[in-house]
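Asker: Let me begin by handing over the structure; questions about it come next.
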Amino acid sequence: MVVGRGIKWARDVWVTGLDVLVTAVVMTGAVLLQARWLAALAGLWAVLALRQGWLAVRAFRRSGG
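As structure tokens, this is what we get:
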């Protein structure tokens with residue numbers, strides 16, 4: 309199946325939003341449980357979410373969006 313450029317960046321934006329939501333939930337859990345390992349995991353997930361967002365913006369700009 310061939311996916312158009314517009315659909316691809318829109319999907320990337322959706323995935324980025326989901327990553328940000330997961331980061332917020334995990335960070336909240338880390339604060340409530342006072343678990344450093346969970347906070348570290350949330351920090352790593354946040355970095356990956358930011359990278360995904362940056363890639364989505366880049367794809368949007370390249371598609372002429």
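Counting in my numbering, the sequence shown tops out at residue 373, every number present.
Idealized CB from N, CA, C, for every residue including glycine.
Rounded C-beta distance between residue 334 and residue 350? I'm assuming under 8 Å.
Answerer: The pair is a contact, with the Cβ atoms about 4 Å apart (cut-off 8 Å).
Asker: Less than 6 Å between C-beta atoms, sequence neighbours within five positions excluded: which residues of the same chain meet that for residue 361?
Answerer: Answer for residue 361: 324, listed in chain order.
Asker: Mind checking residue 336: buried by the 16 CB within 10 Å criterion, or exposed?
Answerer: Under this definition residue 336 is an exposed residue.
Asker: DSSP three-state call for residue 337: helix, strand or coil?
Answerer: Helix at residue 337.
Asker: Take the Cβ of residue 364 as the centre, count every other Cβ of all protein chains shown within 10 Å, and call the residue buried at 16 or more, exposed below.
Answerer: Buried is the call here.
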